[in-house]
Every structure is written in C-alpha cells, then in structure tokens.
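Shown next, in structure tokens, is the structure this report addresses.
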Amino acid sequence: MQSTGEVIGLHTDPRVALAKAMQGAALIPPRPGADGALALISVADRDKTQLPRVAGALARAGYRFAATAGTATELRELGHETQVVAKVGERGSEGQVSILDLIAGGSVRLVVNTPSPKSGPVRDAAEIRLAATAEGILCLTAIETAVAAAEALDPDLLGRLSEVRSLGDWVPEPGLPRAAITFVSRGGTERLTASSIWS
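When we follow our numbering, the leftmost residue of the sequence shown carries the number 4, and every step to the right adds one.
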C-alpha cells in the first residue's frame, strides 16, 4: 500500500486555501525567472476543454509552451506560441525534438500529460513520467490538478500564501465570512483529491 501525504490550506478566500494546500503538497510548479520557463503539455482530447484555464494561468505566470501536435494546435488557436515535439517513439519532422529528449535537455520545468486510456498512450505516459521524475520535474497527470497548480501561480495569490493566523482566528463570530478549508491528498504526482468545506 502506497502512503499518501495529506495537507490542509485555510484562508477566507477559497482560491488561496487551495493554493496553500497545493504548495504544501509540492504541486505548485516553479515560478519562472525573467527568461521564462518551459511547460511541456500533452493532453487527451477529453481534457482539451480545460486547456484555456491551464495555458492562460501558466502564460500569466511567465511560462512558454512545448506540446505534441494535437495539443500544440489547440494552444496556438488560443494564441500561445508553441514548440511542437514528437511523441514517444515517433520521428518528428526535421528540427523537431522528441518529447523525451526535450525533457532530458534541461529546459522543461513542468510536464502536464493526461493520456487517453488506450494502451499506447498509457505506456507513453509512463515513459514521460519516468523521464520527468529522473530530471526532478513536476509531472501532473490529471487535468484538474494541472488547472489548480497553474492557477495557484496567480501573482495576486502569491503574497497571500504566507498569511498565517491561529486556528481560532479562522473561525469568526456568527454572521461573518468563514474560512475556506481545503484538504489535498496526494499519491505521487499523479493523483490529487481536493475538497473544500466551510467551517
């Protein structure tokens, strides 16, 4: 049985509570420096409806994009310049780097890979996850986790993540806004369950 780390985030703003919990679970991507950072994205068709949220939040934080062909098309339609990479085991066009070589190259800071349930993509996802782990790169394999992690990079939230109070201060008198309490359970970097309750 694999052990699962659990963390809690409290704040009057549910977005900050979730960002605190994501930070505690080490699921927030690194913040890009002045030259930006590269996010490698390859998502299943079922998850492409969430690309605007993921890509928008990452772009606002300063990320650039690389993606497999289908995801790259979607990202470009959203207005994001995107480097196309070849899938695992495929030969890309001239000048096109393979996804595993890009990960090993040292420029990638985040991998978002949500495979379709077919055996080929699942096998490829395992190789991508292993390559990312070997390089110490955060690899997210659920689109919900990717959305939450990307949105936790919001500069408006950054200064609020360190707001600390006693537990009693988070539970105000009746009639006042109550704290959002978010629990995040993490098994590896590939599963996230989060629930918010109002105390």
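Think of the CB as a built atom: it goes at the ideal place given N, C-alpha and C, for glycine as much as any other residue.
- In chain order, what residues of the same chain have a beta carbon less than 8 Å from the beta carbon of residue 156, not counting five sequence neighbours either side? Translated into positions along the sequence shown, residue 156 becomes position 153. Excluding positions up to five away in sequence, the list reads 31, 32, 34, 60, 61, 63 and 64.
- Item | Assigned secondary structure, residue 194 (DSSP; H/G/I helix, E/B strand, else coil) | Counted from its first residue, the sequence shown places residue 194 at position 191. With a pLDDT of 45 at residue 194, under the threshold of 50, the modelled position of this residue cannot be trusted; read the value that follows with caution. Three-state result, residue 194: strand.
- Message: Give the list of continuous alpha helix (DSSP H) stretches no shorter than 4 residues that lie fully inside the region 21-75.
- Response: 54-64
- Task: Assign residue 85 to one of three DSSP states: helix, strand, or coil.
- Result: Locating residue 85 in the sequence shown gives position 82, where the first residue counts as 1. If DSSP states are grouped into helix, strand and coil, residue 85 belongs with the strands.
- Which listed residue (20, 160 and 117) has its alpha carbon closest to that of residue 43: Along the sequence shown, one-based indexing puts residue 43 at 40. The residue with the shortest Cα to Cα distance from residue 43 is 117.
- Where residue 23 and residue 164 are concerned, what is the direct C-alpha to C-alpha distance, given to the nearest angstrom? Indexing the sequence shown from 1 puts residue 23 at position 20. Indexing the sequence shown from 1 puts residue 164 at position 161. The alpha-carbon atoms of residue 23 and residue 164 are separated by roughly 6 Å.
- Message: My assumption, with CB atoms under 8 Å, is that residue 70 sits in contact with residue 57. Please give the rounded CB distance.
- Response: Against the sequence shown, residue 70 aligns to sequence position 67. Against the sequence shown, residue 57 aligns to sequence position 54. With 8 Å as the limit, residue 70 and residue 57 do not qualify as a contact, their Cβ atoms being about 11 Å apart.
- Message: If I follow the unbroken alpha helix (DSSP H) through residue 150, where does it start and stop?
- Response: One-based indexing of the sequence shown puts residue 150 at position 147. Taken as a continuous stretch (DSSP letters only), the alpha helix (DSSP H) holding residue 150 covers 146-154.
- Where residue 154 falls, given that 16 or more other Cβ within 10 Å makes a residue buried: As a position in the sequence shown, residue 154 is number 151, starting the count at 1. It is buried - the Cβ of residue 154 has at least 16 other Cβ atoms within 10 Å.
- Task: Please look up how many angstroms separate the CB atoms of residue 105 and residue 140, rounded, as I've assumed it's under 8 Å.
- Result: On the sequence shown, position 102 is the one that residue 105 refers to. On the sequence shown, position 137 is the one that residue 140 refers to. Your pair residue 105 and residue 140 does not check out as a contact, with CB atoms roughly 11 Å apart and the cut at 8 Å.
- Message: Let's test the definition: count the other Cβ atoms within 10 Å of the Cβ of residue 93 and tell me whether it reaches 16, buried, or not, exposed.
- Response: Position 90 of the sequence shown, counted from the first residue, corresponds to residue 93. So residue 93 ends up on the exposed side.
- Helix, strand or coil: how does DSSP classify residue 9 here? Residue 9 sits at position 6 when you count from the first residue of the sequence shown. It is a strand residue.
- Chain-order list of residues whose beta-carbon lies under 6 Å from that of residue 100 (same chain, five-residue window excluded): What you label residue 100 is simply residue 97 of the sequence shown in a count that begins at 1. The answer, listed in chain order, is 88.
- Query: Is it buried or exposed for residue 134, if we count other Cβ within 10 angstroms and need 16 for buried?
  - Reply: On the sequence shown, position 131 is the one that residue 134 refers to. The residue in question, residue 134, is buried, as its Cβ has 16 or more Cβ neighbours within 10 Å.
- Where do the N-terminal and C-terminal ends of the alpha helix (DSSP H) with residue 160 fall, by residue? The residue labelled residue 160 in the question sits at position 157 within the sequence shown. Per DSSP, residue 160 belongs to the alpha helix (DSSP H) from 158-161.
- Item | DSSP beta-bridge partners of residue 240 | It is not possible to answer for residue 240, since the shown part of the chain is limited to 4 through 202.
- Just how far apart, CA to CA, sit residue 21 and residue 152? Looking up residue 21 in the sequence shown gives position 18. Looking up residue 152 in the sequence shown gives position 149. Cα to Cα, residue 21 sits roughly 9 Å from residue 152.
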